[in-house]
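Taking it in order: structure first as structure tokens, then the write-up.
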Amino acid sequence: MSLTPKKGLGLLSIILLGINSMIGTSVFILPGKMMSLVGTLSPFLYLLATLLVTLIALCFAKCATLFNRNGAAYLYAKEAFGDFVGFEVGMMKWVVSIIAWAALAVGFVTGLSALFPSVMDDPLRTSLIITLVFSLSLLNLVGVSSFKFLNNVITIAKIIPLLLIIFLGAFYFESENFASPFTNLVEPSAMKEALIMVFYAFTGFETLAVAAQEMDNPQKNIPIAIVIVIGFCSFLYFSLQVIAIGILGPQLAQSIAPVSDIAFALVGKGGRDFVNLGMLISIGGINLAASFMSPRIAIALAEDRLIPSVIAQKNRFGAPYIAIIVTSLLACTVALSGNFYQLAMLSVIARFAQYIPTCLALLVLRKRPEWSASLKGSSNVIIPIMALMFSFWLLWQVSYMQLIWGFGALFIGIPLYHLLKTQQSAVADTV
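Dropping the structure here:
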């Protein structure tokens, strides 16, 4: 019996997976925070952030046209700069994806507590976290088809409330709430904070190529999906911000749940409950995406024998069961520890540990004979250089403590890499 998984993710499913990976709880709360920082200038910052994120996303899209294997940023870095750089990028991505999934699992239970406060009491809280993580893992163990169906349904369910808010809000939009965005000066520090906040709302697109082997025609479909996902999410973020200002006006700056408040203003308590349910579905959807993506990061490393190759083994459904089990156990352990603050700092640097190597990889790979024809043109130089400039600017805004924690994790990878290489050499010598 073949252990090769059936290709289950077509273009539409890849697009929905990208949307599911990007849109989480922030879309429900970001309009209020943006209004408090930069006022009615906020929609324009979404447009600027879209432009900047698109530069990085295009580097991922262009690199994705070259490969049909799992790995994404890890694979691009490895092919361009060798095993060590690839190992550092891949391990950082895997570790942080585990931490992120753990935090999302806790976030789901926390969100559920808004409807059922008792779920925050142990042992019920612990039981729910364990049940969530291992239920999603079990779903992934039976192959891509089940995941594809549930991911598509959940993604559609999470965006329906948001699209309804935009549609209904357009009929009640009060233009006088949208005063000239240039009448009041905005502090540069507030502008910077708002731009960074919007930028992180777009993160998630970089995970799409992680599971390339589970997708139909990944070299064609992944680049298309990345562009569509960025475009759709930017439309959603921008439109919600405009509608929020038009409906709530100055009160938006004080709102901690602006989308829920808009729904209440439009249709009353039922609308608010509908949006709150959508927010819970949104958190659950990101958990689902994390449960699928996180193990696939380890597979790419294992297939290249940068970590034990047993992790890449598949079951009769073609699912990487060892990677799924190991990842879920680690995520569950971190989730139950409850100590996220310092660990969460790693995710800031981890983003750039993918973005920067991918932009640099595009500059290197375009010179390879096998890809020079497909990557010819000045845009394949200008785009990564502009993306690098933006990445370094954003990195400059990160606190020193975040830099220390993030780069500290990269340094830990150095002895681990050499230890694994030494063990591989020892095994090879005995064969």
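Residue numbers (the numbering used here): 1 to 431. Here a beta-carbon is modelled for each residue, glycine too, at the ideal position from N, C-alpha and C. None of the values given here were measured: they were computed from a predicted structure.
Here Gln397 is exposed. Its C-beta has fewer than 16 other C-beta atoms within 10 Å. Across the set Phe390, Glu206, Asp304, Ile356, the C-alpha of Glu206 shows the shortest separation from the C-alpha of Ile19. A straight-line Cα-Cα distance of about 23 angstroms links Ile356 and Ala302. The C-alpha of Gly111 lies about 14 angstroms from the C-alpha of Leu124. Annotation: Lys93 to Pro43 spans about 31 angstroms, alpha carbon to alpha carbon. Contact between Ile243 and Ile166 holds: their C-beta atoms lie close to 6 angstroms from each other, under 8 angstroms.
Distance check between Gly90 and each of Val259, Arg316, Ser294 places Ser294 closest, using alpha-carbon atoms only. One thing to note: Leu388 has its Cβ no nearer than 7 angstroms to the Cβ of Ala190.
In summary, Thr155 is buried, with 16 or more beta-carbon neighbours lying within 10 Å of its beta-carbon over all protein chains present. A direct Cα-Cα distance of roughly 38 angstroms separates Ser135 from Met35.
Ser21 and Ala64 have their C-alpha atoms some 18 angstroms from each other. In the structure shown, Leu306 adopts coil according to DSSP, grouped into three states. Contiguous alpha helix (DSSP H) elements confined to the stretch 42-130 occur at 42-64, 73-81, 83-112, taking only those with 4 or more residues. A contact between stretches requires three or more CB pairs, one per stretch, nearer than 8 angstroms, and the stretch 353-373 fails this requirement with the stretch 314-321. DSSP places Leu375 outside both helix and strand once states are collapsed to three, so it counts as coil. As the crow flies, the alpha-carbon of Ile14 is around 8 angstroms from that of Met215. Going by C-alpha positions, Gly169 is about 19 angstroms away from Ala157. Leu363 and Trp371 have their C-alpha atoms some 11 angstroms from each other.
Measuring C-alpha to C-alpha distances from Leu48 to each of Phe235, Leu11, Pro223 identifies Phe235 as the nearest. Sequence-distant Cβ neighbours of Ile324 in its own chain, meaning closer than 7 angstroms and more than five residues away, are Ser137, Asn140, Leu141, Pro295. For Val334, the enclosing alpha helix (DSSP H) starts and ends at 321-337. The shortest C-alpha to C-alpha distance from Ala253 to any of Leu11, Gly39, Leu16 is the one to Gly39. Within its own chain, the residues whose Cβ lies closer than 7 angstroms to the Cβ of Val106, once the five positions on either side in sequence are excluded, are Ile129, Ala335, listed in chain order.
Contact annotation: Gln219 and Asn70 have beta-carbon atoms that are not nearer than 7 angstroms. Apart from sequence neighbours up to five positions away, the residues of its chain that approach Thr126 with a beta-carbon distance below 8 angstroms are Leu336, ordered along the chain. Residue pairing by DSSP places Leu9 opposite Met215 in a beta bridge. Residues of the same chain with a CB within less than 8 angstroms of the CB of Ile256, apart from the 5 flanking positions on each side, are Ile29, Gly32 in chain order. Taking a C-beta distance under 7 angstroms as the contact criterion, Ile286 and Ala61 do not qualify as a contact pair. A direct Cα-Cα distance of roughly 10 angstroms separates Gln402 from Leu395. Between Leu288 and Leu150, the beta carbon gap of about 6 angstroms places them in contact (Cβ cut-off 8 angstroms). Here the alpha carbons of Asn217 and Thr54 stand approximately 22 angstroms from one another. Rounded to whole angstroms, Ile412 and Glu88 show a C-alpha spacing of 9 angstroms. Between the beta-carbon of Thr327 and that of Ile98 there is about 6 angstroms, and that keeps the pair under the 8 angstroms contact cut.
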